[in-house]
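2 protein chains.
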Amino acid sequence: MAKKFDFEPLFSKDTPADARATGKRGKYDFAVAYPDPESVPIDGLWQALRDAIQKEGKGMAIYPPPQGHVGMRELLVEKFTEDRGMKVAKEDIVLGNGSGQGITLLCQILVNQGDVVLTEDNVYVGTLRTLRRFKADVRGIPTDDNGIIPEELEALLKQLTAEGKTVKFIYTIPTFQNPMGSVLPLERRKQLLQIAYKYNVPIMEDDCYVDLAYEGDVPPAIHSLDDRGQVMYVGSVSKIIAPGVRLGWAVGPQSVVGRLLNVKLDGGANELAAMAINLYLRREMDSHISEICAILREKRDAMLSALGEYFPPSCKWTKPKGGLFIWLTLPEGVDASAFREKALDADVGYMPGVNFSPSGQAKNSLRLCFGFNTPDEIKEGIRRLAEVFEREGAFKQASGSAPARKRSVR
Amino acid sequence: MAKKFDFEPLFSKDTPADARATGKRGKYDFAVAYPDPESVPIDGLWQALRDAIQKEGKGMAIYPPPQGHVGMRELLVEKFTEDRGMKVAKEDIVLGNGSGQGITLLCQILVNQGDVVLTEDNVYVGTLRTLRRFKADVRGIPTDDNGIIPEELEALLKQLTAEGKTVKFIYTIPTFQNPMGSVLPLERRKQLLQIAYKYNVPIMEDDCYVDLAYEGDVPPAIHSLDDRGQVMYVGSVSKIIAPGVRLGWAVGPQSVVGRLLNVKLDGGANELAAMAINLYLRREMDSHISEICAILREKRDAMLSALGEYFPPSCKWTKPKGGLFIWLTLPEGVDASAFREKALDADVGYMPGVNFSPSGQAKNSLRLCFGFNTPDEIKEGIRRLAEVFEREGAFKQASGSAPARKRSVR
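Residue numbers (my numbering), protein chains in the order written: chain A, 1 to 410; chain B, 411 to 820.
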């Protein structure tokens, strides 16, 4: 047999080694941010594609506009105006593979090795991974039940400025935050923006979950409050249609859009998907969102009720008004990641809190996603999880544990 | 009005500035590599999607496998085996946005600033742009009517080795090359591989045009001749279905796949498109490819015949056996890029040859793509182009022009 060629010495010094996940999943899968699988609007998407393809199918013979399908971007302009109070033109929008591609490309054009980027502590693990991939120095901003604490952000920026650090941007999910489920109130959004102005730091607002609102009003986007072009904005249809369609957007001022297009060397966003989604959303967006919100509200309630039934008072958890996540905190000193395999043995998946923390805190917390399973499955999964935790001693404060941090997550 | 925020000082030092193209196109658009717009299999794709979505639509609620749709990769394994003589497993394939995303990510994991990459001189402008984006030192390998000249490749590698340069890989489009239309014969493929073995340099084989074969047999893929895992391989459905569906693949040994997935931070390839294309190709690939080849053969013949009718003997052009391109060479000393605007004024688009050349040669050549227009339009477009060239003096050798290079392109 021929000697195999060794690629290892050739790999670029800037790219990380192979670190593929094993991908083990539980039947009761509270680990990953899936929406409700029964709600994928299969018939509506197919009908929309049938009609769109008859009308504009030949257009697929040419490469899509670099910024993506025009009709879809026009629809987004309307949606951003009506739902989020934003003023943008279709030229300010770049379509891509989910919000993930937008976030990655924005990081790519902004982050040099060692640059500081601020995020909520804790924050979406995908963004954290991407920032680390670009060798950013990610610092966590302390949060409470209402998201980023403005005073803490200002203190952090003051300190970093004194240290002479370059802060490239503040990444935030202000609405139904991943993983903590919080909503940043309007007053804090304004304060956050004023602080960004004062320290001359742009904001990257991730609004991925905004349509999954189960009670009360949602504050306007931070982007809508900004009159200086200092806020970048990303989102996707992963939560209102399905992650598999891989359609998202990045919004920014022209200088950012131009840079972004120069690193987005993939020939444009998928026109087939954009065509179908554009027409489907024009026909059925409001009714479909109402429908999935009703389903997800029921699932959230099922999980909250099961937590109340099976989990002891030594644990705390959030009661989110939207989104997909409940943030569960075990007693002080308990290591939530220690039971992951045991939980998977009982067919239950969850995500340890420490995975979401730039500072490596939140060791005794974990994230539960209620989107994927049925309410009955959720109840059974939470029952099994409580059983594993009880058996493994996770409900009791660890003896000899370190004293609580001044500001624990919640 | 508020002072606008200035992003310029924040951009990463590794990313190029905004350089958006103006996008001016002619009615007779021989500039861009579009396939035949009438051949986009609209009904077939729609029917396939209708059936696929009923069967596997719910699967879109979860994120796609990082390497992309399983069924599509299984189909590719069959196609590679039957058509290209390759032995690969579905785990060796990563789906992405066209072949462009694969090429970009492979460059990203392999190229450090200043690394040498070898390509045909001349070569696909998209790859050239991507390599320059990663600051590769791109060197052109001299070619003739049969593609890369093995002796020239070996001489170049010998010289670069003597200079102590790191050569990261050889990028080649061996079949229906873009822009020159050549096919590398089997014997040269074997020689190329032996040289790659001798100098320990991997090959990136771009097989984007292989299905557009209008006469004679196509030699097997270089990948199929390699038993050391030294050849990476990319391709797409852009030419057999449509660029707008944005589906392509990168194939490589596991070490390359693992690295690639670590920089492909976009949540996976489009499942909606992959689902439809997978089922469509399983149903109609062979008949559809026969059909588009018949149409494109007619277009090629129309362009060759119009060139014969309207262009003088002072010009030379290739007679490709497949693909989408004719490479036209004006008399020595003429600058083919000088007439681009004038041609667009006559509604004709073409791509100056110098755009494709790593060494900046081929100044008196240009690329004509015959895929987009109808045969009648092609005839009229070539007539207009000849009129512009005649009027502008492009058919006469420039007075005082430099003597011909020892090895001009053809």
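No residue lacks a Cβ here, since even glycine has one placed at the ideal position from N, Cα and C. If you're wondering where the values come from, they're calculated on a predicted model, not measured in any experiment.
Should Lys-4 of chain A be flagged as near chain B, meaning a C-beta pair shorter than 8 Å?
Residue mapping note: residue 4 of chain A aligns to position 4 of the first sequence, counting from 1. Cβ-Cβ to chain B under 8 Å: yes for Lys-4 of chain A.
If you follow the beta strand (DSSP E) that Met-614 of chain B is in, where does it begin and where does it stop?
Against the second sequence, residue 614 of chain B aligns to sequence position 204. Run containing Met-614 of chain B: 613-616, per the beta strand (DSSP E) assignment.
Let me know the secondary structure DSSP gives Gly-524 of chain B once reduced to three states.
As a position in the second sequence, residue 524 of chain B is number 114, starting the count at 1. In this structure, Gly-524 of chain B counts as coil in the three-state DSSP scheme.
Environment of Lys-379 of chain A [buried if 16+ CB atoms lie within 10 Å]:
The residue labelled residue 379 of chain A in the question sits at position 379 within the first sequence. With 16 or more Cβ atoms within 10 Å of its Cβ, Lys-379 of chain A is classed as buried.
DSSP three-state assignment for Leu-247 of chain A, whether helix, strand or coil
Here residue 247 of chain A is taken as the residue at index 247 of the first sequence, counted from 1. In the three-state DSSP reduction, Leu-247 of chain A falls in the coil class, being neither helix nor strand.
Taking only beta carbons into account, state which residues of the region 435-465 of chain B come closer than 8 Å to chain A, listed in chain order.
Val-442, Tyr-444, Pro-445, Asp-446, Pro-447, Glu-448, Ser-449, Val-450, Ile-452, Leu-455, Trp-456, Leu-459, Arg-460, Ile-463 and Gln-464
Can you tell me whether Gly-267 of chain A is buried or exposed? The criterion is at least 16 other CB atoms within 10 Å of its CB, across all chains shown.
Taking the first residue of the first sequence as 1, we reach residue 267 of chain A at position 267. When all chains shown are included, Gly-267 of chain A counts as buried.
Ile-472 of chain B (DSSP reduced to helix, strand or coil):
Taking the first residue of the second sequence as position 1, residue 472 of chain B is located at position 62. Ile-472 of chain B: coil per DSSP, three-state reduction.
Verify the CB distance criterion: does Val-666 of chain B have a CB-CB separation below 8 Å to chain A?
One-based indexing of the second sequence puts residue 666 of chain B at position 256. Yes, because at least one Cβ of chain A sits closer than 8 Å to the Cβ of Val-666 of chain B.
Three-state secondary structure assigned by DSSP to Gly-100 of chain A
In the first sequence, residue 100 of chain A corresponds to position 100, counting from 1. Three-state result, Gly-100 of chain A: helix.
Where the beta strand (DSSP E) containing Leu-776 of chain B begins and where it ends
Along the second sequence, read from residue 1 onward, the residue named residue 776 of chain B stands at position 366. Note, Leu-776 of chain B: beta strand (DSSP E), 775-779.
Quick check on the DSSP output: the alpha helix (DSSP H) that includes Arg-132 of chain A runs from which residue to which?
Start at 1 with the first residue of the first sequence, and residue 132 of chain A comes out as number 132. Segment 125-133, the alpha helix (DSSP H) holding Arg-132 of chain A.
What's the call for Gln-101 of chain A, buried or exposed, on a 16-neighbour Cβ count within 10 Å?
If you number the first sequence from 1, residue 101 of chain A lands on position 101. It counts as buried.
With three or more C-beta pairs closer than 8 Å as the rule, is the region 48-56 of chain A touching the region 303-320 of chain A?
Too few Cβ pairs lie closer than 8 Å, so no.
Which value, in whole angstroms, describes the spacing of the CA atoms of Glu-564 of chain B and Ile-605 of chain B?
Position 154 of the second sequence, counted from the start, is the residue given in the question as residue 564 of chain B. Position 195 of the second sequence, counted from the start, is the residue given in the question as residue 605 of chain B. Approximately 6 Å between the Cα atoms of the pair.
Please confirm whether Val-548 of chain B and Leu-670 of chain B have their CB atoms less than 8 Å apart.
Taking the second sequence and counting its residues from 1, the one referred to as residue 548 of chain B is at position 138. Taking the second sequence and counting its residues from 1, the one referred to as residue 670 of chain B is at position 260. No, they are not a contact pair.
Can you tell me which of the three DSSP states Pro-403 of chain A falls into?
One-based indexing of the first sequence puts residue 403 of chain A at position 403. Low local confidence applies: a pLDDT of 46 at Pro-403 of chain A is under 50, so the model's placement there is unreliable, with the coordinate-based value given in what follows. DSSP, read as helix, strand or coil, puts Pro-403 of chain A in coil.
List the residues of chain B whose Cβ lies closer than 9 Å to the Cβ of Pro-375 of chain A, in chain order.
The count along the first sequence starts at 1 and reaches residue 375 of chain A at position 375. Under the 9 Å cutoff, chain B gives no residues; its nearest Cβ is about 16 Å from Pro-375 of chain A.
Buried or exposed: Ser-700 of chain B, going by 16 or more other Cβ atoms within 10 Å of its Cβ?
Stepping through the second sequence from its first residue, residue 700 of chain B is reached at position 290. The residue in question, Ser-700 of chain B, is exposed, as its Cβ has fewer than 16 Cβ neighbours within 10 Å.
Going by beta carbon distance, what residues of the same chain come within less than 6 Å of Tyr-280 of chain A, once the five residues before and after it are set aside?
Numbered from its first residue, the first sequence carries residue 280 of chain A at position 280. The residues are Gly-44, Leu-45 and Ala-48.
Threshold first: 3 residues or longer. Then list the beta strand (DSSP E) segments lying entirely within the region 152-212 of chain A, N to C.
167-172 and 203-206
Using 8 Å as the Cβ pair cut-off and three pairs as the minimum, do the region 101-118 of chain A and the region 247-263 of chain A touch?
yes
Given a cut-off of 8 Å on the beta-carbon distance, is the pair His-479 of chain B and Ala-684 of chain B in contact?
As a working mapping, residue 479 of chain B is identified with position 69 in the second sequence. As a working mapping, residue 684 of chain B is identified with position 274 in the second sequence. Yes, the pair counts as a contact, with Cβ atoms nearer than the cut-off.
Residue span of the alpha helix (DSSP H) that contains Met-328 of chain A, given as start and end
Taking the first sequence and counting its residues from 1, one reaches residue 328 of chain A at position 328. In the sequence as displayed, the identity of residue 328 of chain A is Leu instead of Met. It is not in any alpha helix (DSSP H) - Leu-328 of chain A instead sits in the beta strand (DSSP E) that spans 325-329.
Output the residue ranges of the alpha helix (DSSP H) runs that lie fully inside the region 647-705 of chain B and measure 4 residues or longer, sorted by chain position.
664-673
Please name the residues in the region 216-250 of chain A whose beta-carbon is closer than 7 Å to at least one beta-carbon of chain B, in chain order.
Asp-227, Arg-228, Gly-229, Gln-230, Ala-242, Pro-243, Gly-244, Val-245 and Arg-246
Using a C-beta to C-beta distance shorter than 8 Å, which residues of chain B count as neighbours of Asp-92 of chain A?
Within the first sequence, numbered from 1, the residue matching residue 92 of chain A stands at position 92. Neighbours of Asp-92 of chain A on chain B: none; closest Cβ ~13 Å, over 8 Å.
With a CB to CB cut of under 6 Å and the five nearest residues on each side skipped, what residues in its chain are close to Met-72 of chain A?
Taking the first sequence and counting its residues from 1, the one referred to as residue 72 of chain A is at position 72. If we look at Met-72 of chain A and ignore the five residues flanking it on each side, its Cβ neighbours are Ala-274 and Asn-278.
Round the Cβ separation of Phe-395 of chain A and Cys-293 of chain A to the nearest angstrom and send it over; I've been treating them as touching at under 8 Å.
To locate residue 395 of chain A, count along the first sequence from 1; it is residue 395. To locate residue 293 of chain A, count along the first sequence from 1; it is residue 293. Between Cys-293 of chain A and Phe-395 of chain A the Cβ distance is about 33 Å, and since that is not below 8 Å, they are no contact.
With 8 Å as the threshold, decide whether the Cβ of Ser-592 of chain B is near any Cβ in chain A.
Locating residue 592 of chain B in the second sequence gives position 182, where the first residue counts as 1. With a threshold of 8 Å between beta carbons, Ser-592 of chain B makes no contact with chain A.
Residues that DSSP places opposite Tyr-487 of chain A in a beta bridge:
Since the first and last residues shown for chain A are 1 and 410, residue 487 of chain A lies out of range.
Find the nearest neighbour of Gly-654 of chain B within the set B:Asp-439, B:Val-487, B:Pro-447 and B:Tyr-619, judged by alpha-carbon distance.
Within the second sequence, the letter at position 244 stands for residue 654 of chain B. Taking only the C-alpha atoms, the option nearest Gly-654 of chain B is B:Pro-447.
For Ser-422 of chain B, tell me which candidate among A:Lys-135, A:Glu-56, A:Phe-30 and A:Phe-5 has the shortest Cα-Cα distance.
Counting from 1 along the second sequence, the entry for residue 422 of chain B is found at position 12. For Ser-422 of chain B, the nearest C-alpha among the options comes from A:Lys-135.
Measure the alpha-carbon distance for Asn-765 of chain B versus Val-535 of chain B and round it to whole angstroms.
Position 355 of the second sequence, counted from the start, is the residue given in the question as residue 765 of chain B. Position 125 of the second sequence, counted from the start, is the residue given in the question as residue 535 of chain B. In a straight line, the C-alpha of Asn-765 of chain B is about 7 Å away from that of Val-535 of chain B.
State yes or no: is the C-beta of Gly-763 of chain B within less than 8 Å of the C-beta of Leu-776 of chain B?
On the second sequence, position 353 is the one that residue 763 of chain B refers to. On the second sequence, position 366 is the one that residue 776 of chain B refers to. It is a contact, given that the beta carbons lie within the stated cut-off.
Relative to chain A, which residues along the region 679-701 of chain B have a C-beta separation below 8 Å, given in chain order?
Ala-679, Asn-680, Glu-681, Leu-682, Ala-683 and Ala-686
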